[in-house]
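Student: Under the working numbering, the sequence shown has 425 at position 427, and the numbering climbs by one with no breaks. For glycine and all other residues, C-beta sits at the position ideal for the given N, C-alpha and C.
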Amino acid sequence: MPTPGTSKVAGASTSTSKPKVYLAASELPLTPKEMDYLSKPKVLISGAGIGGLTLAILLNKAGVQCLILEKSYEVKPLGSAMILGTGAGPLLQQLGIYDEFVELAKHATKMDIYNGNLKHAFTMDYGWLEKLTTYREYVISRPDLYSLLWRYVPRECILLGKRVLSFQETDDGITVRCSDNSAYEADILVGADGAYSAVRQHMFKTLKATGNLPSVDNVALPFSCVCLVGQTTVLDPEDFPDLKSKFCEYYSILGVQNMCTWLTFTTKRNTVCWMVIQFLTKETEKTNDSFRNSEWGPEAAEAMCKEVREFKVPGGKDGQVLTLGDYIDRSPKEYIAKVMLEEIVFETWHHGRAVLLGDACHKMNPTGAAGALTAMHDAVTLANWIYTLDAPSPSEIDDIFKEYRAERYPVAKESFEASQLFTKTLGKNQRDV
């Protein structure tokens, strides 16, 4: 069977820019390690997001050949800050990157909650989590976490400019076709390509055509919020004294009249990550539905920046009142994005040789701080089950996919419901604080 590193490009020779060298079965005698390497399945991963990168690192460590097909021609990680640590610490240690993660992150001991007029409401302390898990909570900018994971995936395992259009299965494998007319063959295809997953869409189209798609999965992605995110350039701690603290100053401000919650986080790099979540009414939902878009990018952000720039935030020098505008004006426009916050857990996670991971099968509101962590845990479980395969037959692949879903679906559902509850609580608190 051709490996994931083998491409069939219309009008071109069969090659890749950085082909991986694989052992041929004729090169005998082979060592037990070489035999084990050859017997493992070949895996294609659609999407170089946090879940896809984590899976690739794990598969490489396990000696499983994999190739990431990423639709973007240039990777430009966007987003605000992420809270990781107590749930991700053991994984990051096993990957051998925990110390680097800690160097990039800032210890977060609490979150302070205010109303829109900056009256302190309450403090959420993380001490109990640290005592329970023995790991600290950290805040890290999403671009920093992304760059860290990216560095640990071999360059020959990532191809850019590969937008997956469709795939076709046979008894011997699966062939994935991309928008540039290239094709890649493997034993397994993993859709780690986000909320608007091309792998999921093709999978569901196939199931629907045969009457096998559950009605609960035959829906448009529901959403109740939109989100504006950004990160400042490096700031002077003399002008923004919160940066002097060795701990992350993490604020959540609950708007009363504007149906928004906005959050700010100080980082190890002396930047401030910020986020605005707008809770939609029926009227604003109609307005935002016209730009329904899963792409991280600056196109839809400018108007919302103007709407929120007067929102007050804590942390001013000598009692000065800061506004989000103070951070927006110091944030590169190309790294500010407005996105939809879709929320759903699909029932169907796999079919044939294709399987879904992360946002492709469960999209959560970021207020629950569970999306990235859940995707990383998906990657751990899926990598473990893929590693157990001796002969990647359709029946064996279907068996491990069933085990993967059985293990991860209840956890994803619980995280999803917790995120929904937290989101609803924030919306209610906007009126009560």
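Looking at C-alpha atoms only, which residue of I275, Y249, K242, P220 is the closest neighbour of C258?
Tutor: Walking along the sequence shown from the start, residue 258 turns up at place 260. Closest option to C258, Cα to Cα, is I275.
Student: Along the chain, where does the alpha helix (DSSP H) containing I111 start, and where does it finish?
Tutor: Numbered from its first residue, the sequence shown carries residue 111 at position 113. First-last for I111: 108 to 113, but that is the beta strand (DSSP E), not the alpha helix (DSSP H).
Student: Cutting at 6 angstroms between CB atoms, please list the residues of its own chain near K411, excluding the five before and the five after it.
Tutor: Indexing the sequence shown from 1 puts residue 411 at position 413. Counting only Cβ-Cβ distances below 6 angstroms, and skipping sequence neighbours, we find V343.
Student: Between which residues of its own chain and W383 is the CB-CB distance below 6 angstroms, once the five residues before and five after are set aside?
Tutor: Looking up residue 383 in the sequence shown gives position 385. Once the five neighbours on either side are set aside, the close Cβ partners of W383 are I398, E401, Y402.
Student: Give the DSSP-derived three-state secondary structure of S413 in the structure shown.
Tutor: In the sequence shown, residue 413 corresponds to position 415, counting from 1. Helix.
Student: Which same chain residues end up closer than 7 angstroms to D376 when comparing Cβ atoms and leaving out the 5 residues on each side of it in sequence?
Tutor: Taking the first residue of the sequence shown as position 1, residue 376 is located at position 378. Taken in chain order, the residues that qualify are G49, L355, G356, R406.
Student: Since A299 and A335 are thought to touch, with beta carbons under 8 angstroms apart, how far apart are those beta carbons, to the nearest angstrom?
Tutor: Counting from one through the sequence shown, the residue named residue 299 turns up at place 301. Counting from one through the sequence shown, the residue named residue 335 turns up at place 337. Indeed, because the Cβ distance is near 6 angstroms, the residues count as touching under 8 angstroms.
Student: Would D324 and V311 qualify as a contact pair, given that the criterion is a beta-carbon distance under 9 angstroms?
Tutor: For the purposes of this step, residue 324 is identified with residue 326 of the sequence shown, where counting begins at 1. For the purposes of this step, residue 311 is identified with residue 313 of the sequence shown, where counting begins at 1. Against a cut-off of 9 angstroms, the Cβ pair of V311 and D324 comes out as a contact.
Student: For D142 versus T265, is the C-beta spacing smaller than 9 angstroms?
Tutor: Start at 1 with the first residue of the sequence shown, and residue 142 comes out as number 144. Start at 1 with the first residue of the sequence shown, and residue 265 comes out as number 267. Annotated as proximal: D142 and T265, with beta-carbon spacing under 9 angstroms.
Student: Tell me, to the nearest whole angstrom, how far the beta carbon of A54 is from that of V73; I am working on the premise that it is less than 8 angstroms.
Tutor: For this step, residue 54 is matched to residue 56 along the sequence shown. For this step, residue 73 is matched to residue 75 along the sequence shown. About 14 angstroms separates the beta carbons of A54 and V73, which is beyond the 8 angstroms limit, so they are not a contact pair.
Student: Apply the 10 Å Cβ neighbour rule to K38 and answer buried if 16 or more other Cβ atoms are within range, or exposed otherwise.
Tutor: Working through the sequence shown from its first residue, we reach residue 38 at position 40. Counting Cβ neighbours within 10 Å, K38 comes out buried, since at least 16 surround it.
Student: Going by the DSSP bridge assignment, what does H360 pair with across the sheet?
Tutor: Within the sequence shown, numbered from 1, the residue matching residue 360 stands at position 362. Partner(s): V343.
Student: According to DSSP, is L116 part of a helix, a strand, or is it coil?
Tutor: Residue 116 sits at position 118 when you count from the first residue of the sequence shown. Of the three classes helix, strand and coil, the one that applies to L116 here is coil, per DSSP.
Student: Going by the beta-carbon positions, is the gap between Y136 and V162 smaller than 9 angstroms?
Tutor: Walking along the sequence shown from the start, residue 136 turns up at place 138. Walking along the sequence shown from the start, residue 162 turns up at place 164. Not a contact, by the Cβ cut-off of 9 angstroms.
Student: Looking only at C-alpha atoms, which of D178, L158, K160, E183 sits nearest to D169?
Tutor: Counting from one through the sequence shown, the residue named residue 169 turns up at place 171. Comparing Cα positions, the closest option is E183.
Student: What does a CB cutoff of less than 7 angstroms around A190 pick up in its chain, not counting 5 residues either side in sequence?
Tutor: Taking the sequence shown and counting its residues from 1, the one referred to as residue 190 is at position 192. Hits under 7 angstroms: I43, S44, G45, G47, G49, G50, L53, L355, G356, A358.
Student: Going by beta-carbon coordinates alone, are T269 and T321 separated by less than 9 angstroms?
Tutor: Looking up residue 269 in the sequence shown gives position 271. Looking up residue 321 in the sequence shown gives position 323. For the pair T269 and T321, the CB atoms are not nearer than the 9 angstroms cut-off.
Student: Give the single residue among G77, A119, I172, F165 whose Cα lies nearest to the Cα of A196.
Tutor: For the purposes of this step, residue 196 is taken as residue 198 along the sequence shown, with counting starting at 1. The option with the nearest alpha carbon to A196 is F165.
Student: Could you give the first and the last residue of the continuous beta strand (DSSP E) run that contains Q276?
Tutor: Indexing the sequence shown from 1 puts residue 276 at position 278. Residues 270 to 277.
Student: State the start and end residues of the unbroken beta strand (DSSP E) segment that holds Q91.
Tutor: The residue labelled residue 91 in the question sits at position 93 within the sequence shown. Premise fails: Q91 lies in the alpha helix (DSSP H), 87 to 93, not in any beta strand (DSSP E).
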